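For the sequence shown, the UniProt record's numbering assigns the number 303 to the last residue and increments by one with no breaks.
Using N, Cα and C, we set each Cβ at its ideal position, and we do this for glycine too.
Everything numeric in this text was worked out from a predicted model, so none of it was measured.
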Amino acid sequence: MYVGTMLNSQWLRTFVKLTETGHFTQTANQLGMTQPGVSQHLKKLEQQIGAPLITKIGKGFELTREGELLLSFALTAERQEAELREAIQQDDPNTGEIRIACSGSMALYLYPKLLERQSRYPGLMLKVEVAPNHRSLQLLQSNEMDLCIVTQQAQHSALELQHIGNEPLCLVVPADFKGRAVAFEGLQKLGFIDHPDGQHYAERLLTPNFVEMASAKGDLRVTGYINQLSQILVPVSQGLGYTVLPETAVCSFEAQQKIKTLELKEPVSDPLYMTVKKHRPLPARYDWFHQEIADLCGQMSGS
């Protein structure tokens with residue numbers, strides 16, 4: 001059997017009805033057609049298939065091998081079309097993939113809380129991609145992710161941004177670090193635990209709080225480096241240095257009793273933007289996640 005072009009759906013419906021009734025006249029009556037019309041549809045299908053579909057036996061007929069294959073194909077197509085229509089009409093809020101891109105610190109904060117929804121509704125599947133701002137936006141624009149949380153305003157007319165909160169940056173030191181009145185000299189003596197965003201965070205938080213950071217004397221004395229977010233505070237907890245991290249990452253660290261966050265005169269926070277495609281409405285299953293993420297981010301102390 002060879003099909004050079006797409007099969008005509010009307011001819012296929014006539015063929016399926018003919019196999020159900022087993023009679024040309026009944027088929028014509030049920031479809032509101034003439035008997036010659038039914039025969040014509042069958043003939044056109046046979047021409048397109050390149051083989052006879054039935055073998056006439058008296059007033060009845062039997063399907064040929066090609067006819068049986070075509071009937072199986074047509075019934076499958078009908079079922080798939082019905083399933084598609086049902087899926088479109090029934091936008092189930094508790095079924096399907098949830099695809100979110102965000103920073104590592106936001107993933108540490110949000111992921112365990114969002115998983116509670118999947119535990120309650122197993123038909124959902126949560127997919128979280130940890131990525132920096134530019135990568136998150138790329139994934140959103142290529143439709144690999146449906147929602148992303150970034151700390152910069154995307155200058156793109158196709159994107160819609162909602163400010164949902166602010167993520168404070170924290171100066172984190174060992175729990176036994178002396179004094180609330182912090183001096184840059186004391187931090188330098190302790191040493192900086194660097195990480196992929198370490199220099200950027202340190203410059204943003206320390207520069208407005210320590211005049212030394214604005215001069216050549218402000219170069220950080222680095223005493224360690226780790227690129228695994230969940231491990232950055234381990235050397236800090238062991239007294240090997242200090243670091244600067246978003247509050248969400250600090251709160252996720254297990255050994256809270258071994259670290260502390262120092263208060264500064266000039267707090268610094270990163271704005272958080274929930275970003276989606278403007279002309280790509282999300283399914284109903286995203287409604288809860290959208291609201292929950294906005295609520296969780298709004299509860300941050302820097303909001």
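- With respect to TYR242, LEU159 sits apart: the two C-beta atoms are not nearer than 8 angstroms.
- A straight line joining the alpha-carbon of GLY298 with that of PRO168 spans about 12 angstroms.
- As a beta-bridge residue in DSSP terms, PHE192 pairs with VAL222, TYR242.
- For the 8 angstroms CB-CB criterion, LEU63 and ILE54 form a contact.
- Of the residues GLU266, LYS260, THR261, the one whose Cα lies closest to the Cα of PRO208 is GLU266.
- Following the DSSP letters along the chain, one finds SER142 in no beta strand (DSSP E), marked with neither H nor E.
- Annotation for LEU220: PHE192, ALA202 place their beta carbon closer than 7 angstroms to its own, counting only its chain and skipping 5 residues before and after.
- In terms of Cβ geometry, PHE184 and PHE210 form a close pair [threshold 8 angstroms].
- Note that the C-beta distance between ALA101 and ALA77 is not below 8 angstroms.
- Spatial neighbours of ILE259 in its own chain (CB-CB distance under 8 angstroms, excluding positions within 5 residues in sequence) are listed in chain order as VAL172, VAL173, PRO174, ALA175, LEU233, VAL236, SER237, VAL250, PHE253.
- CA-to-CA, the gap between LEU282 and ASP146 works out to about 7 angstroms.
- A contact between stretches requires three or more CB pairs, one per stretch, nearer than 8 angstroms, and the region 269-276 fails this requirement with the region 119-127.
- When DSSP states are grouped into helix, strand and coil, HIS23 belongs to the coil group.
- Annotation: CYS170 to LYS277 spans about 32 angstroms, alpha carbon to alpha carbon.
- Contact check for ALA294 and ASP91: beta-carbon distance about 21 angstroms, past the 8 angstroms limit, so the pair fails to qualify.
- Distances from the CA of GLN141 to each of ALA82, ARG99, LEU245, TYR109 were compared; the closest alpha carbon is that of ARG99.
- Linking GLN155 to HIS134 through their CA atoms gives a straight-line distance of about 11 angstroms.
- Out of LEU114, GLN40, VAL268, VAL182, the CA that lies nearest to the CA of ARG204 is found in VAL268.
- With fewer than 16 other Cβ atoms from the protein chains shown falling within 10 Å of its own Cβ, TYR225 counts as exposed.
- The beta carbon of VAL222 lies closer than 6 angstroms to those of PHE192, ASP194 in the same chain, with the five residues before and after it left out.
- Counting along the chain, VAL276 sits inside no alpha helix (DSSP H); it lies in the beta strand (DSSP E) bounded by residues 269-277.
- Among the bridge pairs identified by DSSP, ILE100 is matched with VAL128, LEU147.
- ILE57 is bridged by DSSP to GLY60.
- DSSP places ILE259 in the uninterrupted beta strand (DSSP E) bounded by 259-262.
- Judged by their CB atoms, THR248 and MET106 are nearer to each other than the 8 angstroms cut-off.
- Here DSSP, grouped into helix, strand and coil, assigns VAL173 to strand.
- Inclusion of GLN30 and THR21 in the CB contact set at 8 angstroms is warranted, their separation being smaller than that value.
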